[in-house]
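A short write-up of the structure that comes next.
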Amino acid sequence: MAMRLKSMATLPKLIQSMRKEVPKHSNPVLPSLRRAFSLYDQINLIDNVPEDQLRFQEFNDTSFTVNGVKYEGSLLCVGNLLMSWSPRKFSEITTDSLSIFQTVRPIPELLIVGCGRDIHPVTPEVRQFVKSLGMKLETVDSRNAASTYNILNEEGRVVAAALLPYGFSNMASIVQPSPTFPALNLRRSSLIRPPSSVRFPLKCNAADPYKFDGGNSAGFHLLTGDTVPASFSRSRLEDSIYQNTTRLRIFSGTANPILAQEISCYLGLELGKIKIKRFADGEIYVQLQESVRGCDVFLVQPTCPPANENLMELLVMIDACRRASAKTITAVIPYFGYARADRKTQGRESIAAKLVANLITQSGADRVLACDLHSGQSMGYFDIPVDHVYGQPVILDYLASKAISSEDLVVVSPDVGGVARARAFAKKLSDAPLAIVDKRRHGHNVAEVMNLIGDVKGKVAIMVDDMIDTAGTISKGAALLHQEGAREVYACTTHAVFSPPAISRLSSGLFQEVIITNTIPLSEQNYFPQLTVLSVANLLGETIWRVHDDCSGAIEPFSTLGID
-9 MAMRLKSMAT LPKLIQSMRK EVPKHSNPVL PSLRRAFSLY DQINLIDNVP
41 EDQLRFQEFN DTSFTVNGVK YEGSLLCVGN LLMSWSPRKF SEITTDSLSI
91 FQTVRPIPEL LIVGCGRDIH PVTPEVRQFV KSLGMKLETV DSRNAASTYN
141 ILNEEGRVVA AALLPYGFSN MASIVQPSPT FPALNLRRSS LIRPPSSVRF
191 PLKCNAADPY KFDGGNSAGF HLLTGDTVPA SFSRSRLEDS IYQNTTRLRI
241 FSGTANPILA QEISCYLGLE LGKIKIKRFA DGEIYVQLQE SVRGCDVFLV
291 QPTCPPANEN LMELLVMIDA CRRASAKTIT AVIPYFGYAR ADRKTQGRES
341 IAAKLVANLI TQSGADRVLA CDLHSGQSMG YFDIPVDHVY GQPVILDYLA
391 SKAISSEDLV VVSPDVGGVA RARAFAKKLS DAPLAIVDKR RHGHNVAEVM
441 NLIGDVKGKV AIMVDDMIDT AGTISKGAAL LHQEGAREVY ACTTHAVFSP
491 PAISRLSSGL FQEVIITNTI PLSEQNYFPQ LTVLSVANLL GETIWRVHDD
541 CSGAIEPFST LGID
């Protein structure tokens, strides 16, 4: 026992001496978890606080910079104790990899798991293991995990962070590297932030690229105290981590369960238990398998193809929640099907968008949360409140990470109807010039490009639209842009419907990159090298929290998110 106490007493000096021997910006060898677990039956954090608090400063695909020293690989931080961590990918995060916490005293109040570039749910075994140790669990991307750790550690809170490097991901195939830009810039989610109010300011100036480390790969700065708004920096962060989970419920339909899972991870919640099945005759059966009495229920279900089946499923889910005495029911519709049927273009036509709005209202929904509706008038079709979220900030933040000069940019609207959308997009991209493709439509899903209004010669053209269906409009527009001398053409859209033959058109070489979001799930066979998928989970998750918390979406610094 005396030998053990002596070893524990010398641990702070050992760590400090290791730091002093390591020159700045080198890659020191940290004590591993296996070694720490074997040497000490119990690690007392109170006795192991170094003189300088640990603080993450920068990161790239393979390393973190902590207190001015660059460390390669995965890291584990417990209080102010820094150790190397064995997992090299998210699937290797198991109970064994976290066994060090059985020896730590006092027990950290929160474990923040940095999943790399993407957000993944941990296994039930890991979640139960962490819970059994008396810790709360937060799973975010590594960028947010490091920033959240910085803030809470500065407050003197006993917290822990287990971080995979930002380039490590089990879902790397989702983000396809561009042949002309560093792969690090192709982030799947450009709006990833610490939970609730602590925010990274959006970079919407394409002439202001991120800092480069050694001239090779981008080294991203982490959140500093100065960037945290004073009114949100402490209380709202704590609220988001220790939120009242008894009154907020997130349920997912079968249309886009991955997006729903990402939203719930952002909010620090587990998806509600729900049973959905189809009978032999095609009828839909829905049963909530947990109580929602008196709860604010959010149902995540885009009405994407098959539109009729997904719409009917949403209506039955709403009815089930209403009959289960939910306090409020919000239909979260990332993609609103029938949105294009918002007016009559010929005589004796229906206005299906209004009909669908009536169905959702009459089924019992109290509110609708939609992303990038085809036209603003669709909001007026609902007799209940509508929160309209724009996906533009997600794409803007991603484009800002590319080293494209604002002088070379031109934003292009693929049709006259999208001019207002493109103009707003161009204004946020250093007030880039605008060009318009004039087209005439001769039938459903058939488009003909006529001429170009504006100058694109020698420029990087960013084509912006709310959705891509068959890609006829945008591909013919891209061909016209190349004819007019455009150097590169990018396609940006929120909703990727991708009806045939969209994939063949988009992958034909007309586009340098096709940037979409995950409002509609994309099957594996529809991926192609030029495709980049960004996540709107954090944007929707933040809106859900603000609706639940009765907050306005326009309060700074959230007005830049495009939340009405």
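Numbering (the numbering used here), first residue to last: -9 to 554. Don't be surprised by glycine CBs; every beta carbon is placed ideally from N, CA and C.
Would you decide whether residue 275 is buried or exposed? Buried here means 16 or more other CB atoms lie within 10 Å of its CB. exposed
DSSP three-state assignment for residue 356, whether helix, strand or coil: Under the three-state reduction of DSSP output, residue 356 falls in the coil class, being neither helix nor strand.
Report the residue from 489, 429, 474 and 475 whose alpha carbon sits nearest the alpha carbon of residue 463. The residue with the shortest Cα to Cα distance from residue 463 is 429.
Endpoints, beta strand (DSSP E) assigned at residue 483: Taken as a continuous stretch (DSSP letters only), the beta strand (DSSP E) holding residue 483 covers 478 to 486.
Which class does residue 64 belong to by DSSP, given the choice of helix, strand or coil? coil
Reducing DSSP to helix, strand and coil, say where residue 58 ends up. Shown here, residue 58 sits in coil according to DSSP, grouped into three states, outside any helix or strand.
Terminal residues of the beta strand (DSSP E) in which residue 326 lies: Per DSSP, residue 326 belongs to no beta strand (DSSP E) and is neither H nor E.
How long is the line joining the alpha carbons of residue 369 and residue 502, rounded to whole angstroms? 34 angstroms
So, helix, strand or coil for residue 112, using DSSP? coil
Compare the Cα-Cα distances from residue 406 to each of 422, 396 and 443 and report the closest residue. 443
For residue 149 and residue 102, which I take to be in contact (beta-carbon distance under 8 angstroms), what is that distance rounded to the nearest angstrom? 7 angstroms
In its own chain, which residues sit with a C-beta less than 6 angstroms from the C-beta of residue 325, not counting the 5 before and 5 after it? 292, 294, 485, 509 and 510
Could you say which of 57, 53, 95 and 96 lies nearest to residue 75 if we only look at CA atoms? 53
Would you check if the distance between the CB atom of residue 130 and the CB atom of residue 83 is smaller than 9 angstroms? no
List the whole-angstrom C-beta distance separating residue 499 from residue 477, where the pair is believed to meet the contact cut-off of C-beta under 8 angstroms. Not a contact, Cβ separation roughly 14 angstroms.
Runs of alpha helix (DSSP H) lying entirely within the stretch 500 to 538, each at least 4 residues, in chain order: Counting only runs of 4 or more, we get 527 to 538.
Can you tell me whether residue 85 is helix, strand or coil according to DSSP? coil
First and last residue of the alpha helix (DSSP H) that includes residue 291? From DSSP, residue 291 is part of no alpha helix (DSSP H); its letter is neither H nor E.
Which one of 279, 134 and 388 has the shortest CA to CA distance from residue 256? Ranking the options by Cα distance to residue 256, first place goes to 134.
Neighbourhood of residue 267 by C-beta distance below 6 angstroms, restricted to the same chain and skipping five residues each side: 275
Quick check: what's the CA-CA separation for residue 258 versus residue 523? 23 angstroms
Could you tell me the alpha carbon to alpha carbon distance between residue 536 and residue 290, rounded to whole angstroms? 16 angstroms
Three-state secondary structure (DSSP) of residue 128: strand
Using the DSSP secondary-structure output, state which residues sit across from residue 335 in a beta bridge. Partner(s): none; residue 335 has no beta bridge.
In this structure, how does DSSP classify residue 279 when only helix, strand and coil are distinguished? coil
Going straight from the alpha carbon of residue 466 to that of residue 475, what length do you get? 15 angstroms
Just grab the DSSP bridge partners of residue 453 for me. Paired residue(s): 402 and 481.
Alpha carbon to alpha carbon, what distance is there between residue 394 and residue 170? Only weak support exists for where residue 170 lies, its pLDDT of 30 falling under 50; the value from the coordinates is given anyway. C-alpha separation (whole angstroms): 12 angstroms.
Taking the Cβ atom as the reference point for each residue, do residue 419 and residue 396 lie within a distance shorter than 9 angstroms? Contact check for residue 419 against residue 396 passes: the beta carbons are separated by less than 9 angstroms.
With H, G and I counted as helix, E and B as strand and the rest as coil, what does DSSP make of residue 549? Only weak support exists for where residue 549 lies, its pLDDT of 36 falling under 50; the coordinates are left without a value.
In its own chain, which residues sit with a C-beta less than 7 angstroms from the C-beta of residue 531, not counting the 5 before and 5 after it? 253, 256 and 257
Contact check, residue 77 vs residue 154, beta carbons under 9 angstroms: Taking 9 angstroms as the Cβ cut-off, residue 77 and residue 154 qualify as a contacting pair.
Look up residue 134 in the DSSP assignment and say whether it is helix, strand or coil. helix
Using only alpha-carbon positions, find the residue among 445, 495 and 237 that is nearest to residue 540. 237
In this structure, what does DSSP give as the bridge partners for residue 93? None; residue 93 has no bridge partner.
Tell me the residue span of the alpha helix (DSSP H) that contains residue 468. 462 to 473
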